[in-house]
Amino acid sequence: MHCTLCPRQCGAERTPDAGHGFCRLPETMLIARIQPHLWEEPPISGVRGTGAIFFSGCTLRCAYCQNGDISHRNGGRPFTPAQLADSMRRLVDAGMHTISFITATPHLNGILDALDLYRPPVPLVWNTSGYETVETLRRLDGVIDVYLPDLKHRSEAMGRLCAKAPDYFAAASAAITEMVRQTGLPQYAPDGIMTRGTLIRHLILPGLTGESMQLLTWVAETLPGIPVSLMRQYIPMNGVDIRGLDRPITEREYRRVRDHMLALGLPGYLQEPESASTDFVPVFCQPESYI
Ligand code: SF4
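For reference, each letter of the sequence shown is one residue, going 1353 to 1643 in this note's numbering.
As structure tokens, then:
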């Protein structure tokens, strides 16, 4: 295949064994972990967890990624659509509230083939960097129930510096608008699980509270009623060597952004301070990483 699945628009050839685009992913699905996961937001994980499928590779590859072994270095095992369908069935049998496809965009074709074989009877969650094309998202219309996109950078300079993507905000803002068009305002089951909707995640970066506040203002003005999960878990990882990103955020920075979110009246979720720890990085690519 010649791939144009994400905004990089490489047009590069991806064969079953090799990939020549920015993400360097082959056409074959690669997966680094399939296990219950309890640490997403309450309407995604509930009390029993989401069935989290961590796909290998990433179209964004942020310099500070906490999952660098899979996002930058493409660790993972090859999976066929039939094998993925079997894994999803095991996750549902284990009682998962939802199934989460995490950083899955380059693997879209295999995922749709797997869902043709087995459609889990729980909400399907598309957990993404937000760096998506509207064309690719249209293929998920009516398939995905809940979108969980990041909204990371406002300025072209930070998109370029952190992810070689100066068009990040242009792409992500159009993509998130399309996600909301498809899903509408959030809907919840009696147990609090989101059955349909979009929940935007924003990770506060050190020294960049101004960008954070601009992004929250954009959500409030453009997408009223859409909840935001404000994340404070940033810690320097993946050998990040960008000046200013070599420390966690301060309490003062967190409060500044949180207070802006509250002043805007944005619905959503605030993260506990204990989340800024490597303890929450899952184990990838080991025998115990797969259900
Ligand atoms: S998914 Fe990979 S190969 Fe396809 S356009 Fe994006 S970066 Fe390029």
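Cβ atoms here follow ideal geometry from the backbone N, Cα and C, with glycine treated the same way.
Give the range of the beta strand (DSSP E) segment to which Gly1549 is assigned. In the sequence shown, residue 1549 corresponds to position 197, counting from 1. From DSSP, the beta strand (DSSP E) with Gly1549 extends over 1546 to 1550.
- Going by the beta-carbon positions, is the gap between Glu1530 and Leu1489 smaller than 8 Å? Mapped onto the sequence shown, residue 1530 falls at position 178. Mapped onto the sequence shown, residue 1489 falls at position 137. Closer than 8 Å, so yes.
* Output the distance between the C-alpha atoms of Ala1364 and His1554, rounded to the nearest integer angstrom. => The sequence position of residue 1364 within the sequence shown is 12, counting from 1. The sequence position of residue 1554 within the sequence shown is 202, counting from 1. If you take the alpha carbons of Ala1364 and His1554, they lie about 31 Å apart.
### Message
Under 7 Å, CB to any heavy atom of the ligand SF4. Which residues pass, going along the chain?
### Response
Going by the Cβ distance cut-off, the answer is Cys1355, Thr1356, Leu1357, Cys1358, Arg1360, Gln1361, Cys1362, Ala1364, Arg1366, Gly1371, Gly1373, Phe1374, Cys1375, Leu1377, Thr1411, Thr1457, Pro1458.
Can you check DSSP and say which residues form a bridge with Asn1479?
-> Sequence index remark: in the sequence shown, residue 1479 carries index 127 (1-based). Per DSSP, Ile1454, Leu1500.
Quick check: what's the CA-CA separation for Glu1393 versus Ala1404? Counting from 1 along the sequence shown, the entry for residue 1393 is found at position 41. Counting from 1 along the sequence shown, the entry for residue 1404 is found at position 52. In this structure, the CA atom of Glu1393 is about 13 Å from the CA atom of Ala1404.
Please state whether DSSP places Arg1425 in a helix, a strand or coil. In the sequence shown, counting from the first residue as 1, residue 1425 sits at position 73. Assigned with DSSP and collapsed to three states, Arg1425 falls in coil, not helix or strand.
Look at the alpha carbon of Val1486 and the alpha carbon of Ala1524, and state the distance between them as a whole number of angstroms. Here the question's residue 1486 lines up with position 134 in the sequence shown. Here the question's residue 1524 lines up with position 172 in the sequence shown. Looking at the two C-alpha atoms, the distance is approximately 9 Å.
Skipping 5 residues on each side, what residues in its chain have a beta carbon closer than 8 Å to that of Leu1618? Working through the sequence shown from its first residue, we reach residue 1618 at position 266. Within the same chain, Leu1618 has close Cβ partners Leu1568, Val1571, Ala1572, Pro1579, Val1580.
Report task. Would you tell me roughly how many angstroms separate the C-alpha atoms of Gly1420 and Leu1575, rounded to the nearest one? Result -> For the purposes of this step, residue 1420 is taken as residue 68 along the sequence shown, with counting starting at 1. For the purposes of this step, residue 1575 is taken as residue 223 along the sequence shown, with counting starting at 1. Linking Gly1420 to Leu1575 through their CA atoms gives a straight-line distance of about 31 Å.
Notebook entry, point to check: Quick one: complete beta strand (DSSP E) runs, 3+ long, within the segment 1509 to 1567?
Noted result: If we require 3 residues or more, the beta strand (DSSP E) runs fully inside the segment 1509 to 1567 come out as 1546 to 1550, 1552 to 1555.
I need the boundaries of the alpha helix (DSSP H) containing Tyr1606, first residue and last residue. Position 254 of the sequence shown holds residue 1606. Note, Tyr1606: alpha helix (DSSP H), 1603 to 1616.
Same chain, Cβ closer than 6 Å to Pro1538, neighbours up to 5 away in sequence not counted: For this step, residue 1538 is matched to residue 186 along the sequence shown. In the same chain as Pro1538, and ignoring 5 residues on each side of it, the C-beta atoms closer than 6 Å to its own belong to Met1546, Gly1549, in chain order.
- Item | Per-residue DSSP class, three states only, for Pro1395 | In the sequence shown, the residue the question calls residue 1395 occupies position 43. The answer is helix: DSSP assigns Pro1395 an H, G or I state.
Buried versus exposed, by CB contacts within 10 Å (16 or more), His1354: The count along the sequence shown starts at 1 and reaches residue 1354 at position 2. Counting Cβ neighbours within 10 Å, His1354 comes out exposed, since fewer than 16 surround it.
Can you check which of these residues, Thr1367, Phe1374, Ala1370, is closest to Gln1361 by C-alpha distance? Here residue 1361 is taken as the residue at index 9 of the sequence shown, counted from 1. Closest by alpha carbon: Phe1374.
Practice prompt. Specify, as a first and last residue, the run of the beta strand (DSSP E) that Ile1383 falls within.
Written response: Residue numbering aside, residue 1383 sits at position 31 when the sequence shown is read from its first letter. 1381 to 1389 is the extent of the beta strand (DSSP E) around Ile1383.
* Asked: Which whole runs of the beta strand (DSSP E) in the segment 1569 to 1604 are 3 residues long or more, in chain order?
  -> You should have 1580 to 1583.
**Asked** Does the beta-carbon distance from Ile1451 to Tyr1642 come in below 8 Å?
**Response** Translated into the one-based positions of the sequence shown, residue 1451 becomes position 99. Translated into the one-based positions of the sequence shown, residue 1642 becomes position 290. No, these two residues do not count as a Cβ contact at 8 Å.
message: Quick check: the Cα distance between Glu1624 and Cys1514, rounded to an integer number of angstroms?
response: Along the sequence shown, read from residue 1 onward, the residue named residue 1624 stands at position 272. Along the sequence shown, read from residue 1 onward, the residue named residue 1514 stands at position 162. Between Glu1624 and Cys1514, the C-alpha separation is close to 25 Å.
**Asked** Near Val1635, what residues of its chain come up, given a Cβ to Cβ distance below 8 Å and the 5 sequence neighbours on each side ignored?
**Response** Position 283 of the sequence shown, counting from 1, holds the residue named residue 1635. Cβ neighbours of Val1635 beyond the five flanking positions: Arg1385, Ser1641.
**Report entry** Test item: CB-CB of Met1381 and Leu1464 under 8 Å
**Finding:** Numbered from 1 along the sequence shown, position 29 holds the residue referred to as residue 1381. Numbered from 1 along the sequence shown, position 112 holds the residue referred to as residue 1464. No, the pair does not count as a contact, with Cβ atoms beyond the cut-off.
Buried or exposed for Ala1300, please, with buried defined as at least 16 other CB atoms from any protein chain shown within 10 angstroms of its CB.
-> This structure does not reach residue 1300, given that the chain is present from 1353 up to 1643, and the question cannot be answered.
- Going by the beta-carbon positions, is the gap between Thr1367 and Phe1407 smaller than 8 Å? Position 15 of the sequence shown, counting from 1, holds the residue named residue 1367. Position 55 of the sequence shown, counting from 1, holds the residue named residue 1407. Going by C-beta atoms, Thr1367 is not nearer than 8 Å to Phe1407.
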